[in-house]
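Only one structure is covered here, and it is reproduced in the block below.
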Amino acid sequence: MRFDICLQRLGRDRRASVVVWFALAVPTLVVLAAAATDYGWLALKRVELQQIADAAATGAAKELALAGRENERVIVVAREIATAGLSQAKLSSQIDAKVVDNYSGVSVSLSATVTLPMPILGQSSVVGVNAVAHVGKAPPVCMVSLDPDGSKAVNLQDAAMVTAPGCGIYDNSRSSDGLSAQGRAQMHATTICTVGGVTGSASFTPSPITDCPTLEDPLAGRKQPALGRCDHTETVVVRRQSVVLNPGVYCGGLIVEEGGVARLNPGIYTIRFGLAVAAGGTLQGTGVGFFLTGQSPSNVSPFSDRTTQEVNFGAPWLEAAVRGEGYVVPRMGQECELVSAVRGLLQGGQGLGGAVNAYRNQVRRQSQPQQAAGRVDASARIYFDVDSTIDLAAPKDGPLAGILFFEDRSNTLLIQHQIISDNARNLLGTVYLSRGLLAIASTKRIAEGSAYTIIVARRVFMNRSANLYLNSNYSRSDVPVPEGVGPIAKVYLTR
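Here is the structure:
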């Protein structure tokens with residue numbers, strides 16, 4: 001049979017034509033499938049790369065809110081976040097990060113070479129992405145009063161002053177006089193906001209904004225440290241010597257007497273029964289956080305609104321260290337039973353620490369120990385006396401990262417924490433007293449030497465010529481600012 005006739009028959013045979021066309025189409029289909037696979041792979045890697053760039057830009061923008069014009073720090077953060085993301089995604093990329101738009105945003109560009117699974121289009125392809133995040137800044141918050149309805153929740157008297165040149169002050173009290181300044185007291189801040197009202201408005205700069213929305217406890221989500229077992233059951237007393245102390249649970253409290261120097265190794269110090277530094281005593285520590293815990297006896301009434309303004313800084317310093325939990329602070333000329341008893345022991349030459357422990361032993365021997373125990377302060381309060389030296393910086397990491405003092409949320413309301421020291425220039429970190437009353441009556445600036453200090457307390461009381469100086473130089477310290485306080489910045493992606 002001639003060849004041309006065979007071809008004619010093959011052309012008329014539909015089964016053969018399908019086979020031929022299929023054979024001709026297979027290479028094309030394979031190429032298209034491979035190309036689709038490569039394009040899909042590139043699209044997937046582009047999404048992954050974009051997510052990494054977005055995370056790096058937003059993280060660096062948050063750092064920008066803290067660092068201000070310190071470009072290098074912001075760029076380092078962007079590169080660290082991008083590098084971590086690339087490593088997890090098993091990608092290799094060039095990283096270009098920079099601060100843009102007059103220090104209001106961060107741009108991150110990534111360029112990665114992606115190996116193709118079906119190298120029809122080549123062995124690899126370059127994928128480039130860009131992300132830009134901007135910061136909508138609000139003034140940092142450096143003082144928050146948490147009391148929802150207390151009269152004079154923030155109360156400045158005499159010539160007391162709060163100076164917060166770069167940050168805001170927030171009072172949550174709904175009371176018509178929740179924010180109060182009397183006498184020659186003054187408050188200077190970037191913004192001053194109160195949920196309720198103000199008395200003595202001429203003493204505030206700028207004028208406070210009233211009827212502000214409630215600001216919930218910014219540290220409410222922060223977990224408390226675990227209590228643990230007692231490392232010290234009796235009161236630890238530092239007398240006329242220099243002592244290095246280690247972190248642990250001080251169930252008997254810690255007292256630094258006149259001439260004593262307590263140098264604290266980094267870590268968490270759980271304090272019960274009080275932290276007190278007498279006139280002439282010194283307390284120093286870097287990377288230290290204090291957890292203040294301890295319940296008052298149930299048969300002692302907590303402070304009420306009528307008693308919170310009876311802070312008596314004229315009483316001997318030991319009174320704050322050892323007086324009964326929840327007692328109304330004695331007015332001038334009055335003295336509580338416990339202070340009298342301890343003072344008598346002091347006159348016997350036992351020293352404050354010995355007097356405290358001796359009195360506690362006396363209480364244990366009484367016929368009604370439960371009732372008598374109500375006279376012993378089982379709660380942790382702070383007392384820094386006149387002429388004491390306080391130099392403290394919060395931890396950089398761990399459970400109390402950025403927090404100098406953390407008060408147990410189950411403590412009795414309005415325990416008074418008193419700072420009378422004229423030499424407490426460095427209090428670096430956040431003072432978190434969600435249940436307590438912070439009372440300050442020094443004659444010089446408090447915390448002036450700190451890169452930043454943030455106060456979150458139930459109430460704040462100041463008198464005499466105390467000047468609480470709240471810096472907000474966050475970029476000058478590697479002590480982190482706890483999330484929820486410090487700068488309030490809204491970070492958003494613009495590209």
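Sequential numbering from 1 applies to the sequence shown in the numbering used here. Each residue gets a CB set at the ideal place from its N, CA and C atoms; glycine is no exception.
Counting only runs that start and end within the region 212-299, where is the beta strand (DSSP E) found for 3 or more residues in a row?
The qualifying runs are 236-238, 242-245, 248-250, 254-256, 261-264, 267-271, 275-277, 282-286 and 288-292.
How far does the alpha helix (DSSP H) with I75 in it reach, from first residue to last?
What you label residue 75 is simply residue 75 of the sequence shown in a count that begins at 1. Note, I75: alpha helix (DSSP H), N71 to A89.
Just confirm the distance between the C-beta atoms of F406 and L292, as a whole number of angstroms; I'd bet it's less than 8 Å.
To locate residue 406, count along the sequence shown from 1; it is residue 406. To locate residue 292, count along the sequence shown from 1; it is residue 292. About 7 Å; that satisfies the 8 Å criterion.
Is DSSP giving R343 helix, strand or coil here?
Mapped onto the sequence shown, residue 343 falls at position 343. Bear in mind that the predicted position of R343 carries a pLDDT of just 45, short of 50, making it too unreliable to give a figure here.
So within the region 173-205, which uninterrupted beta strand (DSSP E) runs reach at least 3 residues, ignoring any that extend past its ends?
Entirely contained in the region 173-205, the beta strand (DSSP E) runs reaching 3 residues are, in chain order, 179-181 and 186-194.
Expressed to the nearest angstrom, what Euclidean distance is found between the alpha-carbon atoms of T494 and Q182?
Locating residue 494 in the sequence shown gives position 494, where the first residue counts as 1. Locating residue 182 in the sequence shown gives position 182, where the first residue counts as 1. Their backbone Cα atoms lie some 47 Å apart in a straight line.
Quick one, are the C-beta atoms of D217 and L146 less than 7 Å apart?
For this step, residue 217 is matched to residue 217 along the sequence shown. For this step, residue 146 is matched to residue 146 along the sequence shown. In contact: D217 and L146 (Cβ atoms closer than 7 Å).
Alpha carbon to alpha carbon, how far is S107 from A133?
If you number the sequence shown from 1, residue 107 lands on position 107. If you number the sequence shown from 1, residue 133 lands on position 133. Roughly 7 Å separates the two Cα atoms.
Within the continuous beta strand (DSSP E) that includes S151, where are the two ends?
By 1-based counting over the sequence shown, the position of residue 151 is 151. Looking at the DSSP string, S151 is not in any beta strand (DSSP E), and its letter there is neither H nor E.
Close Cβ partners of D478 (< 8 Å) along its chain, the five nearest in sequence each way excluded
Taking the first residue of the sequence shown as position 1, residue 478 is located at position 478. Only K396 meet the Cβ criterion.
Quick one: is N246 buried, meaning 16 or more other Cβ sit within 10 Å of its Cβ, or exposed?
Start at 1 with the first residue of the sequence shown, and residue 246 comes out as number 246. So N246 counts as exposed.
Beta carbon of Q157 nearer than 7 Å to that of N471
Here residue 157 is taken as the residue at index 157 of the sequence shown, counted from 1. Here residue 471 is taken as the residue at index 471 of the sequence shown, counted from 1. Not closer than 7 Å, so no.
Exposed or buried, I415, counting other C-beta atoms within 10 Å across all chains shown (16 or more means buried)?
For the purposes of this step, residue 415 is taken as the residue at position 415 of the sequence shown. Looking at its Cβ environment, which holds 16 or more other Cβ atoms inside 10 Å, I415 is buried.
Taking just the CA atoms, how far does V144 sit from G168?
For the purposes of this step, residue 168 is identified with residue 168 of the sequence shown, where counting begins at 1. For the purposes of this step, residue 144 is identified with residue 144 of the sequence shown, where counting begins at 1. If I take the Cα positions, the gap works out to 9 Å.
With distance defined between alpha-carbon atoms, name the residue in A262, H417, A153 and S207 nearest to V244.
Translated into the one-based positions of the sequence shown, residue 244 becomes position 244. For the residues A262, H417, A153 and S207, the minimum Cα distance to V244 belongs to A262.
Can you list, in chain order, the residues of its chain with a C-beta nearer than 6 Å to that of F273? Leave out the 5 residues immediately preceding and following it.
The residue labelled residue 273 in the question sits at position 273 within the sequence shown. Only G252 and G253 meet the Cβ criterion.
Output needed for T453: all residues of its chain with C-beta closer than 6 Å, excluding positions within five of it in sequence on either side, in chain order.
Here residue 453 refers to the residue found at position 453 of the sequence shown. L427, A447 and L470.
V481 versus T430 - alpha carbon distance:
For the purposes of this step, residue 481 is taken as the residue at position 481 of the sequence shown. For the purposes of this step, residue 430 is taken as the residue at position 430 of the sequence shown. Distance between the alpha carbons of V481 and T430 is about 8 Å.
Tell me which residue opens and which closes the beta strand (DSSP E) that L404 is part of.
Within the sequence shown, numbered from 1, the residue matching residue 404 stands at position 404. I403 to E407 is the span of the beta strand (DSSP E), which, as asked, contains L404.
Thinking R229 and V249 are a contact (beta carbons under 8 Å), I'd like their distance in whole angstroms, please.
Working through the sequence shown from its first residue, we reach residue 229 at position 229. Working through the sequence shown from its first residue, we reach residue 249 at position 249. With 8 Å as the limit, R229 and V249 qualify as a contact, their Cβ atoms being about 6 Å apart.
Within its chain, find whatever has a CB closer than 6 Å to the CB of M98; leave out the 5 residues flanking it on each side and keep chain order.
Along the sequence shown, read from residue 1 onward, the residue named residue 98 stands at position 98. It is Lys, not Met, that sits at residue 98 in the sequence shown. Exclusion of the five residues before and after K98 leaves S107 as the residues of its chain whose Cβ lies within less than 6 Å of its Cβ.
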